[in-house]
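Here is the structure we will look at, set down as structure tokens.
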Amino acid sequence: MNPIRSTYLQYGKQTIEEDDINAVIECLRENAYLTTGPRVTQFENAIADRSQTLHAVAVSNGTTALHCATYALDLKQGDEVIVTAISFVASANCILYQGATPVFCDVQEDTLNIDPNKIEALITNNTKAIICVDFCGQLCDYDKIRPIADKYGLKIIEDAAHAFGVVRNDGDLTTFSFHPVKNITTGEGGAIATDCLEYAKRMKQYRTHGINVDYKTRKLHYYDMVDIGNNYRITDIQCALGLSQIGKLDRLLKRRQEIAAMYDLELEPFAEDVKPLCVRNPCAYHIYVVKFAKKYNRDKVFTMFKDNNIGVNVHYKPIHLHTYYRENFNTSEGLCPVAEEVYRQIITLPIFPTMTNEDVMDVVRCIKLIINTY
Ligand SMILES: *Cc1c(COP(=O)(O)O)cnc(C)c1O
42 MNPIRSTYLQ YGKQTIEEDD INAVIECLRE NAYLTTGPRV TQFENAIADR
92 SQTLHAVAVS NGTTALHCAT YALDLKQGDE VIVTAISFVA SANCILYQGA
142 TPVFCDVQED TLNIDPNKIE ALITNNTKAI ICVDFCGQLC DYDKIRPIAD
192 KYGLKIIEDA AHAFGVVRND GDLTTFSFHP VKNITTGEGG AIATDCLEYA
242 KRMKQYRTHG INVDYKTRKL HYYDMVDIGN NYRITDIQCA LGLSQIGKLD
292 RLLKRRQEIA AMYDLELEPF AEDVKPLCVR NPCAYHIYVV KFAKKYNRDK
342 VFTMFKDNNI GVNVHYKPIH LHTYYRENFN TSEGLCPVAE EVYRQIITLP
392 IFPTMTNEDV MDVVRCIKLI INTY
């Protein structure tokens, strides 16, 4: 049988237009700053502006942004951090970089966001922070999470790798990724938005080897490394692209919404077999995740999509089920039962701004084929 598509449809893709290309060329033609220049500051200002925060720090990627956040909070050995069970591994790895201990929290079955009702039971005297992930780009229930954090004096790190453009300053530190599949791209890149000047200073210091970044106090050639840091810097070339991309963010998000609305509508008649996640809060639709009914074997469904040239994916295997966590933190099946069960049924459908309506209908036709032939 012929596949539904003759060409492969990726699950996610960057949008690069002529003005993006020209912005990068312009940075190179100037031949002034390639790193740590004015475009980095401009990009940071644009990110803070968009996220409704006072400060933003741009770094080399979303993972280093998360590490800067755990560093800013001065997390250390003995500290515990509550983290959502279903996310990319980087959401929890950033706790380990500081020598602290991750405590996994189960998710809401219908949104896959951290379940606010399950946070309080995990809090101990050693708990310092909660890492929330706006899964798919849908904001977590911060109106429930913030009062819990405040009650116990905990900080919130909001991993908004999926949610750039819709966040509204809910985390004490909010991190972004500008990897090509994310809402905007700088190739590789990331940032942290925060209202706290002290955090911003600490992160800028960490980004450049732990060297004191307060230029005004610098005399002659003397500089001082005051803590062990890293090189987590982003280039002006990348920020040139990022600035150009931020300018079109609303248009890109709007197209994501349109595609999601098309899927919602087309899949509605098949709700017994395949259900999209619930969206109750603002959502950037970085990814579009559906749950297949229990009678379906997810991996068989996955293969059927692939055989029809439709690039589906799975976001994500629960973090605590990865070998490293099992072996080092003694995590196992049963720790977060909702995440573990949902994981067996989820598939991520293609969604990206340059996807055409015909592409969307190809995916829908493939779903109908799967339902009819299963
Ligand atoms: C992409 C992503 C990251 C990591 O970002 P990179 O830029 O790839 O390092 C972290 N958390 C989540 C939820 C992500 O989707």
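For what it's worth, this note's numbering labels the leading residue of the sequence shown as 42, then goes sequentially. Beta carbons are placed, not taken as given, at the ideal position from N, Cα and C, and that holds for glycine. Since this is a predicted model, take the numbers as computed values, not measurements.
- In summary, residue 80 is buried, with 16 or more beta-carbon neighbours lying within 10 Å of its beta-carbon over all protein chains present.
- Apart from the 5 residues on each side of it in sequence, residue 74 sits with its Cβ closer than 6 Å to the Cβ of 277 in its chain, given in chain order.
- For residue 377, there is no enclosing alpha helix (DSSP H), as DSSP marks it with neither H nor E.
- With fewer than 16 neighbouring CB atoms inside 10 Å of its own CB, residue 119 falls in the exposed class.
- Annotation for residue 183: the continuous alpha helix (DSSP H) segment containing it runs 183-193.
- Contact between the stretch 361-376 and the stretch 62-78 is absent: fewer than three C-beta pairs spanning the two stretches fall below 8 Å.
- As computed with DSSP, residue 96 is found in a beta bridge with 235.
- Across the structure, residue 222 and residue 160 are spaced so that their CA atoms are roughly 30 Å apart.
- Our two residues, residue 234 and residue 360, have alpha carbons roughly 25 Å apart in a direct line.
- Per the coordinates, the alpha-carbon of residue 142 lies some 23 Å from the alpha-carbon of residue 183.
- As far as DSSP is concerned, residue 258 takes part in no beta bridge.
- Taking 3 residues as the shortest admissible run, the stretch 110-156 contains the following complete beta strand (DSSP E) segments, listed from N- to C-terminal end: 121-125, 142-146.
- Taking the Cα positions, residue 266 is about 36 Å away from residue 192.
- In this structure, residue 51 keeps its C-beta atom at 8 Å or more from the C-beta atom of residue 394.
- Counting the other Cβ atoms within 10 Å of the Cβ of residue 402 gives fewer than 16, which makes it exposed.
- In this structure, 211 is the residue among 211, 297, 356, 272 with its C-alpha nearest to the C-alpha of residue 172.
- Counting only residues of its own chain and dropping the five nearest sequence neighbours on each side, residue 54 has a CB closer than 6 Å to the CB of 393.
- Proximity to residue 325 across 226, 303, 295 peaks at 295, based on C-alpha coordinates.
- Take the alpha-carbon of residue 89 and the one of residue 99: they are about 10 Å apart.
- Look at residue 383 here: in three-state DSSP terms it is helix.
- When the Cα atoms are used, residue 121 and residue 92 turn out to be separated by approximately 27 Å.
- In terms of Cβ geometry, residue 220 and residue 78 do not form a close pair [threshold 8 Å].
- Taking C-beta separations shorter than 7 Å and ignoring five residues to either side along the sequence, the partners of residue 151 in its chain run 318, 319, following chain order.
- Residue nearest to residue 409 within the set 335, 314, 336 is 314 (criterion: CA-CA distance).
- Going by DSSP, residue 214 is part of the beta strand (DSSP E) stretching over 214-218.
- Less than 8 Å separates the beta-carbon of residue 131 from that of residue 107.
- Ranked by how close their Cα comes to the Cα of residue 250, the residues 264, 244, 56, 271 have 271 in first place.
- Excluding the 5 residues flanking it on each side, residue 165 has same chain C-beta neighbours closer than 7 Å at 121, in chain order.
- Exposed is the label assigned to residue 310, since fewer than 16 other Cβ atoms lie within 10 Å of its Cβ.
- Boundaries of the alpha helix (DSSP H) harbouring residue 411: 398-414, taken from the DSSP string.
- Proximity to residue 157 across 144, 168, 414, 186 peaks at 186, based on C-alpha coordinates.
- In the three-state reduction of the DSSP assignment, residue 300 falls in the helix class, which pools H, G and I.
- With at least 16 other beta carbons inside 10 angstroms of its own, residue 248 counts as buried.
- If you check the C-beta of residue 174 against ligand 1, you find a heavy atom less than 7 Å away.
- At a Cβ-Cβ threshold of 8 Å, residue 224 and residue 282 do not count as neighbours.
- Judged by DSSP in its simplified three-state form, residue 179 adopts strand.
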